Amino acid sequence: MNEREIEATDQAEDNKRTHDLRTQPIPKLLLQYAIPAVVGTVVQALYNIVDTIFIGQGSGELGIAAVYIGFPLIILLVGFSMLVGTGASVGVSIALGRRDSDRADRILSNAVYLTFSFYILAVTPSIIFLDDLLRLIGASDNIIPLAKDYLHIYLPAIILSNLTYGYNNVMRASGYPTKAMITMLLGAVVNVVLDYLFIMRLGWGIKGAAWATVIAMSCTMVFVQYHFFQRKSVVRFKRQNMKPSGPILLSIISVGIAPFAMQVAGSAVSFVLNHNFSHFAKTVAEADLSIATYGIINNYTTLIALTIIGVAQGMQPIVGYNYGAGHIERSLSCYKLAVGVNTVISVLGFAAAMLLPEQLFMLFNASPELIEIGQRAIRIVFSVFFVVGFQITTSQLFQSLGLSRQAIFISLTRQVIFLLPALLILPHFYGIDGVWYAIPLGDLLATVVSTSMIIYYFKKWTSEQTSPLA
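Structure (structure tokens):
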């Protein structure tokens with residue numbers, strides 16, 4: 111087969127993928143795109159849980175606390191990959207909807223350039239000032255040595271995770287949801303196997319967990335990068351396109367700023383949480399147990415939230431492509447279906463937290479003291495969790511349509527506008543319980559705002575029959 115025939119075959123495959131996005135029934139499309147995304151994100155969450163279980167076995171509750179004391183920093187650094195990955199994937203979806211494959215290629219290459227730039231600017235200072243950052247967050251003398259053991263290995267390699275996230279989002283947006291799922295599965299399997307080997311067999315403790323994560327990130331990055339060098343890929347990485355383009359970089363940042371804002375807010379929330387545990391606990395031991403409790407609850411929250419995000423990610427290319435092709439009614443229909451699915455997931459997560467809190471903590475080899483604190487805390491934190499699916503999906507809708515300001519506002523209502531003030535006020539009246547009460551209060555108030563916004567915009571779009579960006 112000569113080069114022209116190869117290109118014709120590739121073009122036919124490209125046309126088939128994009129034709130399906132425009133013509134297939136919405137439930138079928140959402141199932142096709144959401145299942146691989148959900149499997150990928152759930153596997154990601156499950157391997158985080160298994161990772162924490164191994165850390166608990168190898169380094170005890172202090173090991174769990176040591177990993178999660180560094181969460182404000184990790185969340186912030188991961189936010190840069192979400193900024194680039196989400197911004198690039200939305201841009202690629204819209205470009206493909208307009209049949210502009212050259213622009214899609216340029217967006218991918220500029221996204222790689224942006225990822226390296228953020229790594230140099232953000233990660234280097236974090237490594238240099240790690241001791242000061244850990245003390246600022248609220249780490250006790252018991253936790254700091256273990257936290258440094260983990261982060262000194264993990265932080266320099268975070269570029270691998272950032273590149274993988276960006277590539278994987280673009281891969282999904284360009285019509286390869288199953289391959290994007292395989293990326294997540296590969297990382298999870300490698301990480302879990304190496305966790306067992308390094309922690310349980312070789313006794314490397316928390317350092318073993320860090321090395322397992324780094325090696326797993328290396329494997330997934332190589333796998334996903336290889337895809338974009340193949341001729342048959344709808345979107346291809348081309349070195350000549352790495353020359354930065356101001357308009358493209360700005361478009362990536364403007365769309366990706368919403369999930370980045372959410373991550374920055376999450377980092378701030380995690381910082382205040384850890385600081386409050388240290389400040390309002392009656393003893394250092396109680397503070398360390400509270401941080402470990404938060405780490406375990408965060409694992410469970412992440413499992414449910416990533417399932418919801420997986421459905422929302424499956425929605426994104428359908429919404430983005432049909433918006434680009436001028437079929438707004440299909441975009442909104444897909445959103446409604448995704449909200450229904452994610453509400454069911456939220457309710458199931460809520461029910462498990464209410465009915466099985468002790469069993470959830472026993473998975474992590476928790477002590478009786480940790481279980482006692484954890485049962486009460488998780489029931490408070492999840493008391494209104496059934497609304498979270500709607501909120502995440504609504505934010506993703508605005509983001510997928512390029513309405514970055516609205517998406518940012520929804521993202522910030524929960525984690526900044528409502529939650530942070532609650533975290534700063536309630537503990538003064540209720541002690542550590544006030545820390546836990548602040549989380550559902552933020553969820554509830556943010557949902558009121560999201561509901562008001564989506565009602566307003568749906569009325570506007572349906573009455574005017576206009577594009578959301580008109």
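Heads up: the sequence shown begins at 111 in our numbering, then just goes up one per residue.
Heads up, the beta-carbon is just placed ideally off N, CA and C, and yes, glycines get one too.
Computed from a predicted structure; not experimentally measured.
Item to check | Stretch-stretch touch, CB-based, cutoff 8 Å, three pairs: the segment 510 to 528 with the segment 555 to 562 | outcome: yes
Checklist entry - So, using beta-carbon positions, are residue 224 and residue 362 closer together than 8 Å? => result Here residue 224 corresponds to residue number 114 of the sequence shown, with the count starting at 1. Here residue 362 corresponds to residue number 252 of the sequence shown, with the count starting at 1. Going by C-beta atoms, residue 224 is nearer than 8 Å to residue 362.
Checklist entry - What residues in its chain sit with their C-beta under 6 Å from that of residue 262, if we drop five residues either side in the sequence? => result Numbered from 1 along the sequence shown, position 152 holds the residue referred to as residue 262. Closer than 6 Å at the Cβ level, and outside the excluded window around residue 262, lies no residue.
Checklist entry - Which one of 442, 384 and 218 has the shortest CA to CA distance from residue 546? => result Working through the sequence shown from its first residue, we reach residue 546 at position 436. Nearest of 442, 384 and 218 to residue 546, Cα basis: 384.
Next on the checklist: Just to confirm my understanding: we take residue 415, look at its own chain, exclude 5 residues before and 5 after, and list those with CB closer than 6 Å. What are they?
Outcome noted: What you label residue 415 is simply residue 305 of the sequence shown in a count that begins at 1. No residues qualify anywhere along the chain.
Next on the checklist: Which of the three DSSP states is assigned to residue 163 in this structure?
Outcome noted: For the purposes of this step, residue 163 is taken as the residue at position 53 of the sequence shown. Residue 163: helix per DSSP, three-state reduction.
Checklist entry - CB residue 508 to CB residue 553, shorter than 8 Å? => result For the purposes of this step, residue 508 is identified with residue 398 of the sequence shown, where counting begins at 1. For the purposes of this step, residue 553 is identified with residue 443 of the sequence shown, where counting begins at 1. Result no, Cβ atoms of residue 508 and residue 553 do not sit closer than 8 Å.
Item to check | Own chain partners of residue 448 with C-beta closer than 7 Å, once the 5 adjacent residues on each side are dropped | outcome: Position 338 of the sequence shown holds residue 448. Correct list, in chain order: 140, 421, 422, 425 and 503.
Checklist entry - How many Å lie between residue 293 and residue 510 at the Cα? => result Counting from 1 along the sequence shown, the entry for residue 293 is found at position 183. Counting from 1 along the sequence shown, the entry for residue 510 is found at position 400. So the alpha carbons of these two residues sit roughly 22 Å apart.
Item to check | Euclidean distance between Cα positions of residue 333 and residue 367 | outcome: Start at 1 with the first residue of the sequence shown, and residue 333 comes out as number 223. Start at 1 with the first residue of the sequence shown, and residue 367 comes out as number 257. Distance between the alpha carbons of residue 333 and residue 367 is about 27 Å.
Next on the checklist: Quick check on the DSSP output: the alpha helix (DSSP H) that includes residue 314 runs from which residue to which?
Outcome noted: Residue 314 sits at position 204 when you count from the first residue of the sequence shown. Unbroken run through residue 314: none, as it is neither H nor E.
Checklist entry - Cα-Cα, which of 470, 478, 410 and 442 is closest to residue 456? => result In the sequence shown, the residue the question calls residue 456 occupies position 346. Nearest option by C-alpha distance: 410.
Item to check | CA nearest to the CA of residue 131, picked from 438, 512 and 520 | outcome: For this step, residue 131 is matched to residue 21 along the sequence shown. Checking every option, the nearest Cα to that of residue 131 belongs to 438.
Next on the checklist: In chain order, what are the residue ranges of uninterrupted beta strand (DSSP E) at least 3 long that sit wholly in the segment 256 to 302?
Outcome noted: none
Next on the checklist: Please list the terminal residues of the continuous alpha helix (DSSP H) segment that includes residue 532.
Outcome noted: The residue you call residue 532 lines up with position 422 of the sequence shown. Its alpha helix (DSSP H) spans residues 529 to 535.
Checklist entry - Counting only runs that start and end within the segment 488 to 529, where is the alpha helix (DSSP H) found for 4 or more residues in a row? => result 498 to 510 and 514 to 522
Item to check | For residue 135, the three-state DSSP class (helix, strand or coil) | outcome: On the sequence shown, residue 135 is found 25 positions in, with the first residue counted as 1. Three-state result, residue 135: coil.
Next on the checklist: If I measure Cβ to Cβ from residue 417 and keep anything under 7 Å in the same chain, skipping five residues before and after, which residues do I get?
Outcome noted: Translated into the one-based positions of the sequence shown, residue 417 becomes position 307. The residues are 148, 151, 152 and 455.
Item to check | C-beta atoms of residue 164 and residue 310 nearer than 8 Å | outcome: Reading the sequence shown from its first residue, position 54 is the one you call residue 164. Reading the sequence shown from its first residue, position 200 is the one you call residue 310. Yes. Within cutoff.
Item to check | First through last residue of the alpha helix (DSSP H) which encompasses residue 387 | outcome: Within the sequence shown, the letter at position 277 stands for residue 387. Its alpha helix (DSSP H) spans residues 356 to 390.
Item to check | Spatially closest choice to residue 233 from 280, 357 and 265, by CA coordinates | outcome: For the purposes of this step, residue 233 is taken as the residue at position 123 of the sequence shown. Closest by alpha carbon: 265.
Checklist entry - Looking at residue 500 and residue 453, is the spacing between their C-beta atoms short of 8 Å? => result For the purposes of this step, residue 453 is identified with residue 343 of the sequence shown, where counting begins at 1. For the purposes of this step, residue 500 is identified with residue 390 of the sequence shown, where counting begins at 1. For residue 453 and residue 500, yes; Cβs fall inside 8 Å.
Next on the checklist: Taking the alpha-carbon of residue 347 as reference, which of 487, 430 and 284 has the nearest alpha-carbon?
Outcome noted: Along the sequence shown, one-based indexing puts residue 347 at 237. Among 487, 430 and 284, the Cα nearest to that of residue 347 belongs to 284.
Checklist entry - Is there contact here, the segment 334 to 344 with the segment 270 to 279, by at least three beta-carbon pairs under 8 Å? => result yes
Checklist entry - Under a three-way DSSP split, which group does residue 183 fall into? => result As a position in the sequence shown, residue 183 is number 73, starting the count at 1. Here residue 183 sits in helix by DSSP.
Item to check | Candidates 463, 481 and 442: closest to residue 567 by CA position | outcome: Along the sequence shown, one-based indexing puts residue 567 at 457. When each option's Cα is compared against that of residue 567, the closest is 442.
Item to check | Close beta carbons around residue 476, own chain, < 6 Å, minus the five adjacent residues each side | outcome: Within the sequence shown, the letter at position 366 stands for residue 476. Correct list: empty, nothing qualifies.
Checklist entry - Which whole-angstrom value describes the C-beta separation of residue 85 and residue 186, a residue pair presumed to lie in contact below a C-beta threshold of 8 Å? => result There is no way to answer for residue 85, as the model of the chain reaches only from 111 to 580.
Next on the checklist: Please return the same chain residues whose Cβ sits closer than 8 Å to the Cβ of residue 564, not counting the five positions on each side in sequence.
Outcome noted: On the sequence shown, residue 564 is found 454 positions in, with the first residue counted as 1. Hits under 8 Å: 504 and 507.
Item to check | Proximity below 8 Å, CB of residue 583 to CB of residue 201 | outcome: As shown, the chain starts at 111 and ends at 580. That puts residue 583 outside it, with no answer to give.
Checklist entry - Leaving out five residues before and five after residue 111 in sequence, what residues of the same chain have Cβ atoms less than 6 Å from its Cβ? => result Mapped onto the sequence shown, residue 111 falls at position 1. Annotation note: pLDDT 49 at residue 111 (below 50); position unreliable, no value reported.
Next on the checklist: Can you check which of these residues, 193, 486 and 322, is closest to residue 63 by C-alpha distance?
Outcome noted: As shown, the chain starts at 111 and ends at 580. That puts residue 63 outside it, with no answer to give.
Checklist entry - Taking DSSP as the reference, what is the three-state secondary structure of residue 113? => result If you number the sequence shown from 1, residue 113 lands on position 3. Only weak support exists for where residue 113 lies, its pLDDT of 45 falling under 50; the value from the coordinates is given anyway. Helix.
Checklist entry - Around the C-beta of residue 468, are 16 or more other C-beta atoms found within 10 angstroms, so that it is buried, or is it exposed? => result Here residue 468 refers to the residue found at position 358 of the sequence shown. By the 10 Å Cβ count, residue 468 comes out exposed.
Checklist entry - Taking C-alpha atoms, which residue in 133, 260, 483 and 158 lies nearest to residue 401? => result By 1-based counting over the sequence shown, the position of residue 401 is 291. It is 483.
Checklist entry - Quick one: what's got a C-beta closer than 7 Å to residue 129's C-beta in the same chain, skipping five residues either side? => result Taking the sequence shown and counting its residues from 1, the one referred to as residue 129 is at position 19. None.
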